[in-house]
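Residues 170 to 499 in the working numbering are what the sequence shown lists, from first letter to last.
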Amino acid sequence: MQLLFVPTESTPAYFNATRAYVERYGKPMAFYSDKAGIFRVNAKDAAEGRGYTQFGRALFELNIDILCANSSPAKGRVERMNGTLQDRLVKELRLRGISSMEAANAYAPAFIAAFNARFAKVPKRDFDAHRPLRGDEDLARIFSWREWRKVSQRLTLQYAKVMYLIEDRPEHRRLIHRYIEVAEYPDGRVELWAEGASLPYTTYDRLGEIDQAAIVENKRLGHVLAIAAQVQALRDSRHQAGPSRTLLGEPPRPAKVPLNVKRQRLINRLDLERALVAAPLNPRAAEILTLPAARQPPHPAPSSGASGQRHRPTNKAKKEHAPAQKARSH
170 MQLLFVPTES TPAYFNATRA YVERYGKPMA FYSDKAGIFR VNAKDAAEGR
220 GYTQFGRALF ELNIDILCAN SSPAKGRVER MNGTLQDRLV KELRLRGISS
270 MEAANAYAPA FIAAFNARFA KVPKRDFDAH RPLRGDEDLA RIFSWREWRK
320 VSQRLTLQYA KVMYLIEDRP EHRRLIHRYI EVAEYPDGRV ELWAEGASLP
370 YTTYDRLGEI DQAAIVENKR LGHVLAIAAQ VQALRDSRHQ AGPSRTLLGE
420 PPRPAKVPLN VKRQRLINRL DLERALVAAP LNPRAAEILT LPAARQPPHP
470 APSSGASGQR HRPTNKAKKE HAPAQKARSH
């Protein structure tokens, strides 16, 4: 009844497929699925301590139950259908010269109609259990990735390594130290919701990259920015807090971070020295970059003040001068 080609099996992909199904047929009484992590929480210690997934939350708002298969026959039916789609459908695509995702999705309705005409069974009763959508059910908002964030004293919050600055208004100051909802839509748009209304905001990307096209013509500045670009290449700039963004054209994220990529806070002085070697610059710029930690000016020697107190040498100074005094005594 529904077929969709997507870059990867993810929650936003199921959002798109389920929304298309509901818009065409209405709301079913329940969905029958396997025990994948998209449909139910399999981890003992889940993020934020919630007992539901994003997909489960969307079905709950639509008053749709989800049943996870426990029996072997139910799993067998799923695997037989997967075998049909991975064998018969692949051959149909090859015969029609379809090799792109867009063309495959365009052909999917014709394949569904032909498949059901050959293999569908007539039900014993013609009663349709699907329910129509209510007027207050906004599918765009329901099928969005939603998380809660706490508003700081400065009317800011962080989501997916981006800082959101809420517009400073008297009615917004009541939200300080309160949790509000962050909704990210499949097209990448983000909304902040509080008390049933969307809040105006501006953003500040904490992991902004250097735009080489916007660099001012300055030799010394160019060297410094080249080093900054080298350091940025070592950090993990992925936005991991939000959903998978493969539907927007981004490639699937690797399961593990590469060995040469570090977290933002793990970049240390050694990484800066390696960047200096990789992007050589003039000595004056290198001196500016290494001065704070390596070339501190010496402290001035203490002198006698107005009170007439004399400076007393430390124990280390006494040990250094002791051999010289002993030699003079001999």
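All C-beta atoms, glycine included, are put in the ideal place defined by N, C-alpha and C.
{"Check": "Report the residue from P412, R414, G418, F174 whose alpha carbon sits nearest the alpha carbon of Y276.", "Outcome": "F174"}
{"Check": "Beta-carbon within less than 8 Å of D203's beta-carbon, same chain only, minus the 5 sequence neighbours each way: which residues are those?", "Outcome": "C237, A238, K244, V247"}
{"Check": "Going by alpha carbons, who is nearest to G418 out of P181, R343, A283?", "Outcome": "P181"}
{"Check": "Look at I349 and L361 and say whether their C-beta atoms are less than 7 Å apart.", "Outcome": "yes"}
{"Check": "Output needed for I233: all residues of its chain with C-beta closer than 8 Å, excluding positions within five of it in sequence on either side, in chain order.", "Outcome": "K196, P197, M198, A199, F200"}
{"Check": "When DSSP labels each residue in this structure, what does T325 get in the three-state scheme?", "Outcome": "strand"}
{"Check": "Determine the contact status of F312 and R188, defining contact as a CB-CB distance below 7 Å.", "Outcome": "yes"}
{"Check": "Once you ignore the five residues that flank I345 on each side, which residues in its own chain have a CB closer than 8 Å to its CB?", "Outcome": "V320, S321, Q322, L324"}
{"Check": "Pop quiz: E261 and F280 are said to be a contact at Cβ under 8 Å. What is the actual Cβ separation, rounded to whole angstroms?", "Outcome": "6 Å"}
{"Check": "Out of curiosity, what's the CA-to-CA distance linking W317 and L172?", "Outcome": "32 Å"}
{"Check": "Leaving out the 5 sequence neighbours to the left and right, which residues in its chain are closer than 6 Å to P176 when beta-carbon positions are compared?", "Outcome": "T415"}
{"Check": "Sort N285, P278, G252, F184 by Cα distance to Q223 and report the nearest one.", "Outcome": "F184"}
{"Check": "On a Cα-Cα basis, can you pick out the residue from P421, G357, I207, P292 that is closest to Y328?", "Outcome": "G357"}
{"Check": "Taking the CB atoms as reference points, tell me whether P412 and W314 lie closer together than 7 Å.", "Outcome": "yes"}
{"Check": "How big is the Cα-Cα spacing for R310 and T371?", "Outcome": "21 Å"}
{"Check": "Look at the alpha carbon of V359 and the alpha carbon of M332, and state the distance between them as a whole number of angstroms.", "Outcome": "12 Å"}
{"Check": "Does the distance from the CB of P369 to the CB of E336 come in under 7 Å?", "Outcome": "yes"}
{"Check": "Which partner residues of A363 appear in the DSSP bridge assignment?", "Outcome": "A366"}
{"Check": "According to the Cβ coordinates, are H299 and Y194 closer than 7 Å?", "Outcome": "yes"}
{"Check": "Span of the alpha helix (DSSP H) holding F200?", "Outcome": "It is not in any alpha helix (DSSP H) - F200 instead sits in the beta strand (DSSP E) that spans 199 to 202."}
{"Check": "Identify, in the order they occur along the chain, each residue of the same chain with its Cβ nearer than 8 Å to the Cβ of R347, setting aside the five sequence neighbours on each side.", "Outcome": "K319, V320, A363"}
{"Check": "Work out the CA separation of V351 and S367 for me, nearest whole Å.", "Outcome": "10 Å"}
{"Check": "Helix, strand or coil for D234? Go by DSSP, reduced to three states.", "Outcome": "strand"}
{"Check": "Locate the beta strand (DSSP E) running through Y333, then write down its first and last residues.", "Outcome": "331 to 335"}
{"Check": "At the level of alpha carbons, what is the spacing between L258 and Y373?", "Outcome": "46 Å"}
{"Check": "Under 7 Å, Cβ to Cβ, is there at least one residue of chain D near E340?", "Outcome": "No chain D appears in this structure, which consists of one protein chain only."}
{"Check": "Leaving aside the five residues before and after R265 along the sequence, list all residues of the same chain whose C-beta is less than 8 Å from its C-beta, in chain order.", "Outcome": "Y276"}
{"Check": "At the level of alpha carbons, what is the spacing between P242 and R303?", "Outcome": "35 Å"}
{"Check": "Just curious, the beta strand (DSSP E) that Y348 is in, first and last residue?", "Outcome": "348 to 353"}
{"Check": "Per DSSP, which one or two residues make a beta bridge with K196?", "Outcome": "R300"}
{"Check": "Have a look at the DSSP bridge pairing and note the partners of K319.", "Outcome": "Y348"}
{"Check": "Which residue wins for smallest C-alpha separation from A186, given the options G220, Y221, L228?", "Outcome": "L228"}
{"Check": "With a threshold of 16 other CB atoms inside 10 Å of the CB of P355, please say whether the residue is buried or exposed.", "Outcome": "buried"}
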